[in-house]
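The numbers in UniProt numbering rise by one with no breaks, and the one at position 155 of the sequence shown is 155. Right, one structure below, let's go through it.
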Amino acid sequence: MAPTPSAPLPLTGPRLRLRPWREADRAPLAAINTDPVAMRHFAAPMTRAESDAWMDRLQRHIEAHGWGFWCVERRDAPGCIGAVGLMHLAFAPPWAPADAAPTVEIGWRIAPGLQRQGLAEEAARLALAAGFGPIGLAELVAFTRPANQPSWRLMQKLGMTRGPDFAHPRLPEGHPARPHILYRLTRADWQAQRQA
């Protein structure tokens with residue numbers, strides 16, 4: 001398990017702030033999670049109850065580890081506009097040996113009306129710096145469906161390299177969302193890219 005930072009992380013960028021979750025975030029997060037456009041590359045949109053349960057799980061992860069998928073808000077207009085961050089995988093990664101260290105993913109979900117403005121990239125870079133800096137992770141992975149071009153292009157912009165394709169183990173055989181592509185980035189490669 002990765003170490004927990006001894007102090008809150010300063011996850012603030014030029015336009016954004018990443019922070020723990022609040023009760024007031026439930027409705028705006030649900031507006032994203034129940035939106036068919038926002039969730040078009042997932043198995044299905046969430047219900048409001050599923051969205052609330054997901055937010056609770058994200059906050060429990062932050063409370064347990066000191067980091068996780070944070071609430072994203074703009075510095076000039078506070079309020080939830082998405083979820084971005086780092087989280088232990090909720091399933092056994094089929095690409096890793098059984099005795100491998102726990103796998104941590106980086107991911108992002110931004111409200112549809114605010115996409116294509118570089119907000120996911122800014123937030124993801126804050127999360128990367130936290131993960132490979134004070135949190136001390138050795139590697140991060142990201143994955144998505146092949147059709148989700150904006151997401152895997154962002155993975156490439158972050159310096160991640162493509163790993164093996166895989167069938168998502170939490171989706172049944174034949175499900176159209178089951179095929180996934182994987183990207184990976186090690187701390188050593190991230191540091192080398194920053195020095196280049």
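Each residue gets a CB set at the ideal place from its N, CA and C atoms; glycine is no exception.
Using a Cβ-Cβ distance cut-off of 8 Å, the segment 169-178 and the segment 89-99 are in contact, since at least three pairs of beta carbons, one from each stretch, lie closer than that value.
Contact holds between the segment 151-160 and the segment 120-129, because three or more Cβ pairs, one in each stretch, are under 8 Å apart.
In this structure, DSSP gives A98 a state outside helix and strand, which the three-state scheme calls coil. The beta carbon of F143 is closer than 6 Å to those of H180 and L182 in its chain, skipping five residues each way along the sequence. One Cα belongs to A24, the other to R125, and the distance between them is close to 25 Å. CA-CA distance, W67 to L128, rounds to 12 Å. A147 and A43 have their C-alpha atoms some 13 Å from each other. Bounds of the beta strand (DSSP E) holding W108 are V104 to I110. The segment 13-30 and the segment 77-87 touch, with three or more beta-carbon pairs separated by less than 8 Å.
Between the alpha carbons of Q191 and T161 lies a gap of roughly 15 Å.
H88 places its beta carbon less than 8 Å from that of V104. Excluding residues up to 5 positions away in sequence, R187 lie with their Cβ nearer than 6 Å to the Cβ of A138 in the same chain.
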